[in-house]
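Colleague: First, the structure itself, so that you have it in front of you.
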Amino acid sequence: MAKKTLKETKEKKAETKETKAIPAIRPHITEKATFLNEKGAYVFKVKDSFNKIMIKEAVKKQYNVTPEKVSIINTPDKSIFLRRRSGIKYGYKKAIVYLKKGDKINMA
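Here's what the structure looks like:
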């Protein structure tokens, strides 16, 4: 029996991290988002580290549709007060993905 090389063990660890991770993009469903869906634009919540190119690739991979344009919105953290306690409502990154006229994404 041959011993496993260091590269083989590192590759296996990298594969397991991807499968357990939170999805890179997930649909953000609101009234405004459903209104945009009719016009060919779809809204997603995205990881904070993602840029426009990474979002395009993730949409291609997950939904088999090529986006024409991607816009990114960063929502800031907000301080909230509940009774006598203060806290933070954490912000997130939102992406609006525009598709060609014939393309659609099923958000069910």
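By the working numbering, the letter at position 96 of the sequence shown is numbered 95, and the numbering carries on one by one without gaps. Beta carbons: idealized from backbone N, C-alpha and C, even for Gly. Here the structure is a predicted model, which means the values were calculated and not measured.
#1: Count the other CB atoms within 10 Å of the CB of phenylalanine 34; is the residue buried (16 or more) or exposed (fewer)?
#2: Measure how close the beta-carbons of glutamate 67 and leucine 98 come, nearest whole angstrom, since I'm counting them as under 8 angstroms.
#3: Check whether the Cβ atoms of isoleucine 24 and valine 45 sit closer than 7 angstroms, and answer yes or no.
#4: Which runs of the beta strand (DSSP E) at least 3 residues long sit entirely within the region 12-94? Give them in chain order.
#5: Between the C-alpha atoms of asparagine 63 and lysine 77, what's the straight-line distance to the nearest angstrom?
#6: Beta carbon of isoleucine 95, beta carbon of alanine 40: below 7 angstroms?
#7: Going by other Cβ atoms of all chains shown within 10 Å of its Cβ, with 16 needed for buried, is isoleucine 54 buried or exposed?
Modeller: Quick answer:
#1: The residue labelled residue 34 in the question sits at position 35 within the sequence shown. Result: exposed.
#2: Start at 1 with the first residue of the sequence shown, and residue 67 comes out as number 68. Start at 1 with the first residue of the sequence shown, and residue 98 comes out as number 99. Indeed, because the Cβ distance is near 6 angstroms, the residues count as touching under 8 angstroms.
#3: In the sequence shown, the residue the question calls residue 24 occupies position 25. In the sequence shown, the residue the question calls residue 45 occupies position 46. It is a contact, given that the beta carbons lie within the stated cut-off.
#4: 24-26, 40-45, 68-74, 77-81 and 84-88
#5: Taking the first residue of the sequence shown as 1, we reach residue 63 at position 64. Taking the first residue of the sequence shown as 1, we reach residue 77 at position 78. Computed Cα separation, rounded: 35 angstroms.
#6: Mapped onto the sequence shown, residue 95 falls at position 96. Mapped onto the sequence shown, residue 40 falls at position 41. It is a contact, given that the beta carbons lie within the stated cut-off.
#7: By one-based count along the sequence shown, residue 54 stands at place 55. Buried, by the Cβ-count rule.
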